[in-house]
Structures are given as structure tokens and as C-alpha cells.
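To start, the structure under review is shown below, and the notes come after it.
Residue numbers (the working numbering): 1286 to 1478.
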């Protein structure tokens, strides 16, 4: 296995929030290429989108996926130059601020509030969580992130039509999606792929 420059203190057990809903355990393979994530020598990302049922307060998973870095790079390379430029500017303005850096280094629970707006998770009806992982561990630091649907919407507005079409194709490759949710994916796309 390839040697990585991660500090031992940056690894944590994978939180249950990132477990795959279908088997209630950590993701074992990339949703797209089926690469084994546990034995692979590369990092991977997991994104999960949640919606709270206002009638009973129950958290429901809208979609989830694990993507290896090789597949993630392919998806990033498929994005238009316009989308990449827009997202880069947005992230520089919103993600790389002092508070986010402070939280990344302080051990503050990243699932308490949106990393950009600061809205408390208990006040959100929809949100996404994104984490970075290596083998069977989560890499802590700037990840994990919790992002409100408001931020997801802002990021979606930055995408060119070409990139939106790519993301639509991307969403169609996620397995085990109930047919009734397919319509939802025309407006709700992954955030940080």
C-alpha cells in the first residue's frame, strides 16, 4: 500500500452518519467504479443528503454515494471551465475563512451547524454531509462538512448547463435509488464532486 503523509492524529473511526443506509455499515466500494475502498491506496469522499420530515422530525436519506479519488478527478475533469472558475471563486469567498479553519483544528463537532452559514442543524430541513476517508477511517481536518440546502442551491446556480448535464448523468449512476426520487435529482445534485 502506498505511503501517505497523513498525521496519525487526523484519523478517526467513521461516524455512523456516513454509513451506507442499505447495509448499515461503512461503504466498501466506490459507487461508480466498484473499486474496493478499504484496500485501495487512495482516499475517497462520501456525500449524503438528508431531508427532515416536518411531520415527525425523522431524518430521511435522499441520496448517498462514495466516490474514489480516481472517479472524482474524472468528474472534475468533465466540468466546464466556467463551472470550475465559478466554484473556485465561491469556495475562496465562503469555505476558506478563518472560522472554518479554526473549526477544522479545534475538534468542534462538524455536524452541529452549516460550515458556511452557521445555521444550526436542528433548524435545517435539508442538508448534506461530506467527508474524506482513507481505508476504514475518516480523515479529520477541513472535513467533515455539513452544508445546508441553501449552500447546495447556491453552488448549483454556479454550474454551467454542460456541467449540470454531467451531474444528471452522474446521479443516474447511483445505485438503489427509489424511482420516486429520480425526479428530485433533476433539481438536487451532489455538492462537492
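Even glycine gets a Cβ: it sits at the ideal position worked out from N, Cα and C.
None of these values were measured; they are calculated from a predicted model.
Where residue i sits in the DSSP three-state scheme
| i | result |
| --- | --- |
| residue 1428 | coil |
| residue 1362 | helix |
| residue 1399 | coil |
| residue 1440 | helix |
| residue 1451 | helix |
| residue 1373 | helix |
| residue 1321 | strand |
| residue 1379 | helix |
| residue 1445 | coil |
Paired residues, beta bridge with residue i - DSSP
| i | result |
| --- | --- |
| residue 1296 | 1424 |
| residue 1415 | 1332 and 1430 |
| residue 1348 | 1334 |
| residue 1310 | 1305 |
| residue 1353 | 1329 |
| residue 1404 | BP columns for residue 1404 are empty, so no partner. |
8 Å Cβ cutoff met for residue i and residue j
| i | j | result |
| --- | --- | --- |
| residue 1331 | residue 1416 | yes |
| residue 1432 | residue 1398 | no |
| residue 1434 | residue 1367 | no |
| residue 1448 | residue 1364 | yes |
| residue 1423 | residue 1302 | no |
| residue 1359 | residue 1345 | no |
| residue 1299 | residue 1311 | yes |
| residue 1333 | residue 1440 | no |
Contacts around residue i, its chain only, beta-carbon distance under 7 Å, and the 5 residues preceding and following it disregarded
| i | result |
| --- | --- |
| residue 1323 | 1313, 1420 and 1421 |
| residue 1325 | 1353 |
| residue 1404 | 1398 and 1433 |
| residue 1304 | 1310 and 1311 |
| residue 1492 | This structure cannot speak to residue 1492, because the chain is shown only from 1286 to 1478. |
| residue 1356 | 1315, 1317 and 1318 |
| residue 1425 | 1295 and 1297 |
Own chain, CB closer than 6 Å to residue i, minus 5 neighbours either side, in chain order
| i | result |
| --- | --- |
| residue 1402 | 1433 |
| residue 1418 | 1329 |
Neighbourhood of residue i by C-beta distance below 8 Å, restricted to the same chain and skipping five residues each side
| i | result |
| --- | --- |
| residue 1406 | 1396, 1397, 1398, 1399, 1412 and 1431 |
Residue-level contact to chain C via CB, residue i, 8 Å cutoff
| i | result |
| --- | --- |
| residue 1359 | Judged by its chain identifiers, the structure shown contains no chain C, having just a single protein chain. |
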